[in-house]
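This report concerns only the one structure given below.
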């Protein structure tokens, strides 16, 4: 989040200002569900998935092999309780790719349940693929997990990023793609695009066990992945006691190249086993547009000691790790007694004043959409101070939109007071007298884990 920087002023009394951020707002249906498939039933929609491998991905509650659907595993699990099974034995490979490009302009939030149990290797991988490419085969198997290149064998065509839930740990080892950073088993590893030869980006040991037990019961891991329109990736996993952030604010531009995020992406999964068996399954897959995370800030203003008039500005920013606005955006500021708002304006804003309350709104959608990492034009609020003895004073601002992802994560307040006095008589300037450089600095920070990861 961007912060305003206070600067010394001349010929004026500095108006002490505080910035207060978002008002709590619930998530809205304006966040769009782009795709949702549970894999719990007997079929998948015709033609939705490309699939292959030495072990054919299948539905555990499926029946037969309907045209265009992922096939049945031949089990007798009840409809509504099934999963998509990728592997279940030694020396197997499998992959599925959602064969429909997804627009990335508003960012993406991807959620699913993963199950890895009854064995110790290799692992499972979630991949993002350039939406303009349709792979005809997975990447190399084994340590490359069906995504990356290995030993002269090609990786998956159009691969943009591969995120491994690597029980064995080989995805970070030498020989896979370019670069390495092996940390052992139970690792979360990220590799880059085909254009970088699947460059190693990061690896660390997962907070909890990625594979556990000998049956599906107890092996559920809820996974939440976000990628913003600014190419910032984050990952959280629920190991059974609430979501834990595993990757935060990973800038894919640093490896895949600035501006490299494709306009559309295809999403998929791959899995592999070798000398160790492992059952690997997926359930409740969903893709949503990524909600914005707005914050308001105030730029310190000034009051003319001769006229009592002055101004300050309100800024509205959208965090680079989140999505774009898709609803009305409202910024408000309530001025304290003794400071009267005279007018308020800003490019694209429609403002009104009622008593001490300044309210400014804008559409927040279509051509007025605010994308991740960007800021709206600032609002200028003109004020009148009848009695200068009320200075320094505090001014607050807040911003709200019905689609905000987390209205509490920036719920912090800060107080900065600065008083400087000037006097002038007969056209002769008197020296500056510093009455108070910083009278008080009080910063309170309340950080709350994002609603969607709580």
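Numbering (our numbering), first residue to last: 42 to 495.
In this text, a Cβ means the ideal position worked out from N, Cα and C, and glycines have one as well.
By the C-beta criterion, the region 98-112 is judged not to be in contact with the region 349-359, since fewer than 3 inter-stretch pairs fall below 8 Å. Annotation: residue 296 is outside any beta strand (DSSP E); the continuous alpha helix (DSSP H) that includes it extends over 294-297.
Per DSSP, the continuous beta strand (DSSP E) segment holding residue 370 begins and ends at 370-375. Under the three-state reduction of DSSP output, residue 395 falls in the strand class. Within the region 145-222, the runs of beta strand (DSSP E) at least 3 residues long that lie entirely inside it are, in chain order, 149-158, 164-171, 200-207.
DSSP, reduced to helix, strand and coil, places residue 429 within a helical segment of the structure shown. In terms of Cβ geometry, residue 169 and residue 202 form a close pair [threshold 8 Å]. Counting the other CB atoms within 10 Å of its CB gives residue 445 a total of 16 or more, which places it among the buried residues. Around the CB of residue 264, 16 or more other CB atoms lie within 10 Å, so the residue is classed as buried.
Shown here for residue 269: same chain residues with a beta carbon closer than 7 Å to its own, the five before and five after excluded, namely 148, 331, 361, 362, 363, 364, 413 in chain order. Contact check for residue 436 against residue 376 passes: the beta carbons are separated by less than 8 Å. If you draw a straight line from the Cα of residue 205 to the Cα of residue 299, it comes to about 23 Å.
Within the DSSP bridge table, the entry for residue 355 names 339, 420 as partners. With contacts defined as CB atoms closer than 8 Å, residue 98 and residue 126 qualify as a contacting pair.
Within a 10 Å sphere around the beta-carbon of residue 131 sit fewer than 16 other beta-carbons, which makes this residue exposed. Note that the C-beta distance between residue 174 and residue 196 is not below 8 Å.
Using a Cβ distance threshold of 8 Å, residue 77 and residue 327 count as a contacting pair. When only Cα atoms are considered, residue 239 and residue 296 end up about 10 Å apart. Each residue's CA atom was taken as its position, placing residue 208 and residue 192 some 21 Å apart. Per DSSP, reduced to three states, the secondary structure at residue 409 is helical. In this structure, the CA atom of residue 323 is about 6 Å from the CA atom of residue 154.
In the structure shown, residue 235 falls within a helical segment according to DSSP collapsed to helix, strand and coil. Under DSSP, residue 280 forms no beta bridge with any residue.
Here residue 131 carries a coil assignment [DSSP, helix/strand/coil].
When the alpha-carbon of residue 94 is set against those of 406, 253, 246, 312, the nearest one is in 312.
With distances taken between CA atoms, residue 391 lies nearest to 417 out of 417, 378, 379, 366.
Sorting 366, 382, 440 by C-alpha distance to the C-alpha of residue 407 places 366 at the top. Shown here, residue 74 sits in a strand according to DSSP, grouped into three states.
For residue 390, there is no enclosing beta strand (DSSP E), since its DSSP letter is neither H nor E. For residue 335 and residue 424, the gap between their C-alpha atoms comes out near 25 Å.
About 14 Å separates the CB atoms of residue 247 and residue 260; that is not less than 8 Å, and the two are not in contact.
In the DSSP annotation of this structure, the continuous segment of the beta strand (DSSP E) that includes residue 246 starts and ends at 241-246. With contacts defined as CB atoms closer than 8 Å, residue 134 and residue 190 fail to qualify as a contacting pair.
About 7 Å separates the beta carbon of residue 167 from that of residue 266, a gap short enough to meet the 8 Å contact definition.
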